[in-house]
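Worksheet for the structure shown next.
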Amino acid sequence: MHEPGLPRSQRSPAGSLGTIASVGEFSSADSIELPQLTEIYNRSRDDYLIPMPMSVGRLRDYVNDYDIDLGASLVAHAEGRPAGLALLGLRGDRAWISRLGVLPEARKAGLGRIMVARLIERARASGCASVTIEVIEDNAPARALFSGFGFRETRQLLVTRRPPQPIDILDHGASVRVLGFHEAMARIERRSDHPSWVTDSRSMARAGNISAIEARWDDGRWGWLAYGSSAWLLSRILLGTEVGDPKAVGQALLQQLHWRHPLQDAVCENISAHDTHWPAMQAMGYMVSFVRVEMRLELGAQGSSSH
Amino acid sequence: MIEDNPDNARLVQRVLSQTDYRLMHAWDGESGLKMAMEYLPDIILLDLGLPDVDGQTVASFIRRLPELSRSRLIAVTAWPEETAREMVRAYGCDGYISKPINVRTFVRDIEAYLLG
Chain A
1073 MHEPGLPRSQ
1083 RSPAGSLGTI
1093 ASVGEFSSAD
1103 SIELPQLTEI
1113 YNRSRDDYLI
1123 PMPMSVGRLR
1133 DYVNDYDIDL
1143 GASLVAHAEG
1153 RPAGLALLGL
1163 RGDRAWISRL
1173 GVLPEARKAG
1183 LGRIMVARLI
1193 ERARASGCAS
1203 VTIEVIEDNA
1213 PARALFSGFG
1223 FRETRQLLVT
1233 RRPPQPIDIL
1243 DHGASVRVLG
1253 FHEAMARIER
1263 RSDHPSWVTD
1273 SRSMARAGNI
1283 SAIEARWDDG
1293 RWGWLAYGSS
1303 AWLLSRILLG
1313 TEVGDPKAVG
1323 QALLQQLHWR
1333 HPLQDAVCEN
1343 ISAHDTHWPA
1353 MQAMGYMVSF
1363 VRVEMRLELG
1373 AQGSSSH
Chain B
332 MIEDNPDNAR
342 LVQRVLSQTD
352 YRLMHAWDGE
362 SGLKMAMEYL
372 PDIILLDLGL
382 PDVDGQTVAS
392 FIRRLPELSR
402 SRLIAVTAWP
412 EETAREMVRA
422 YGCDGYISKP
432 INVRTFVRDI
442 EAYLLG
């Protein structure tokens, strides 16, 4: 479905964008084939500091894992050509805006602002009580854009890496078990943190290939580490200390993980900067790649947003 | 060169076409790794921002392979300098070149790494 953007009287003057002289048509993302959607996304990020390109397969998984509603998501058009993209995830009364991007030649015409406004309205129409987004910390214009809509910054989320390196396993005196998917998800459901959208239990379940390591000590301490693994990479790493010191329990679990998978690179995305396990991860060689700022908008009664 | 962005790839191809270097190009990490293992290049230019398997993971695999131990591994990235330095060191790269590349110094930068 195509929707007009700004009224003609409010659109940018002809020629102000170089080759794109008129902007402001929008369609639902499900009207575009996935390969083209992928190209629009990648081109909108060509010049980003941290571009994070995706293949078609990766975008397909992204849509699946994070409950992206392509019917509610938007593609912006300018002069009959795709010019930008914004995805909307929907889970019950929560919404998530992701991968907002406008092609370089189509910027400065308000397309991003219009897409955000439209997605907020779509979230409200879907019965959502809140909308969240994660913005790279250094992306001041994006933070200002969302602040202008009433989003409030709630926390810092770290995207961390650990290159493979040899590790000697230390005997921590714990009994260790490796858990399959269902037992891993049962541990994840016990968590007491406030996960981001991508590390939410639902995202972990949708990803599918989740295992866990559980360690228990005779003195009652215990904890677990859930993770996804492929031939290339360990990912979706989550730590849970049920009883005991998170640093000590976390370090023991991480040593088990990396001793069992010594050759794999590891990525742990969106760990809160205040997560009690972060010192354990740092001790095990995890480093910060970049920082995201989570922002949240509470949706008030129909026709208003709570600022 | 392991680079997914067509414009960046074309630029490097254009610059190196004026030299005697033989350039091979892979569009993603997995095919880049296979190409490197087959051709054992003198230098690997590795974009850190690859789709699917990203550059850091590819670097960790390259550095694990004895047959590629003599290949200079150079990250090509737009990351901030401090982050680039840290990642390059941690993942065993021999250095990095900032994006967008400087066409005037690019060949000289590569030769500096080759001559080590």
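So the sequence lines, in the order shown, correspond to chains A and B. For the first sequence, this note's numbering assigns the number 1073 to the initial residue and increments by one for each residue that follows. For the second sequence, this note's numbering assigns the number 332 to the initial residue and increments by one for each residue that follows. In this text, a Cβ means the ideal position worked out from N, Cα and C, and glycines have one as well.
For W1350/A, none of the residues of chain B pass the 7 Å Cβ criterion, the least Cβ distance being about 17 Å.
In this structure, DSSP gives Y1120/A a state outside helix and strand, which the three-state scheme calls coil. Of all residues in the region 1286-1314 of chain A, those with a C-beta nearer than 8 Å to a C-beta of chain B are W1304 and L1305, reading in chain order. Nearest to G1143/A by alpha-carbon distance, out of L1297/A, S1103/A and I1241/A, is S1103/A. The beta carbon of T436/B sits no closer than 8 Å to any beta carbon of chain A. About 6 Å separates the CB atoms of S1268/A and E1366/A; that is less than 8 Å, so the two are in contact. Taking all protein chains in view, the Cβ of K430/B is crowded by 16 or more other Cβ atoms within 10 Å, so the residue is classified as buried. If you check the CB distance, T1271/A and R1368/A do not come in under 8 Å. Taking each of L1121/A, L1159/A, E1111/A and N1342/A in turn and checking the Cα distance to D1265/A, the smallest one comes out for N1342/A. Sixteen is the threshold: since fewer than 16 other Cβ atoms of the shown chains lie within 10 Å of the Cβ of Y370/B, the residue is exposed. Between Q344/B and A1352/A, the alpha-carbon positions lie close to 44 Å from each other.
For L364/B, the closest alpha carbon among the candidates N336/B, M332/B and Q349/B is that of M332/B.
When DSSP assignments are scanned along the region 382-410 of chain B, the uninterrupted stretches of beta strand (DSSP E) that are 3 or more residues long and fall wholly within it turn out to be 403-408.
Residues of the same chain with a CB within less than 6 Å of the CB of G1316/A, apart from the 5 flanking positions on each side, are R1293 in chain order.
Excluding five sequence positions before and after G360/B, the CB atoms of its chain that fall closer than 6 Å to its own CB belong to L381, V384 and V389, given in chain order. In this structure, G1156/A keeps its C-beta atom at 8 Å or more from the C-beta atom of L1121/A. Counting only Cβ-Cβ distances below 8 Å, P1236/A has contacts in chain B at S391 and R395, in chain order. Look at L1106/A here: in three-state DSSP terms it is helix. Nearest C-alpha to D1165/A among P1107/A, E1177/A and G1199/A: G1199/A.
In the DSSP assignment, no residue is bridged to H1244/A. Using a 10 angstroms sphere on the CB of R1262/A, the tally of other CB atoms stays under 16, which defines it as exposed.
In terms of Cβ geometry, E1111/A and R1364/A do not form a close pair [threshold 8 Å]. According to DSSP, residue pairing for S1301/A in a beta bridge involves L1306/A. Here R1227/A carries a strand assignment [DSSP, helix/strand/coil].
Rounded to whole angstroms, the separation of the alpha carbons of I1309/A and I432/B is 35 Å. Closest by C-alpha distance to D1240/A, out of A1287/A, L1131/A and Q1323/A, is Q1323/A. DSSP, reduced to helix, strand and coil, places V419/B within a helical segment of the structure shown. Between M1124/A and R1132/A, the gap from beta carbon to beta carbon reaches 8 Å or more.
In terms of Cβ geometry, D378/B and D335/B form a close pair [threshold 8 Å]. DSSP places W1296/A within a strand segment (E or B) once states are collapsed to three. The Cβ-Cβ distance between S1301/A and V1250/A does not fall below 8 Å.
Scanning chain B for C-beta atoms nearer than 9 Å to the C-beta of S1127/A yields D335, D359, P382 and D383, reported in chain order. When DSSP reads this structure, P1154/A sits in a beta bridge with H1149/A. Here D1137/A is buried. Its C-beta has 16 or more other C-beta atoms within 10 Å.
Cβ contact annotation for S1361/A (same chain, cutoff 7 Å, sequence separation greater than five): V1231, T1232 and R1233, in chain order. Apart from the 5 residues on each side of it in sequence, V434/B sits with its Cβ closer than 6 Å to the Cβ of V346 in its chain, given in chain order.
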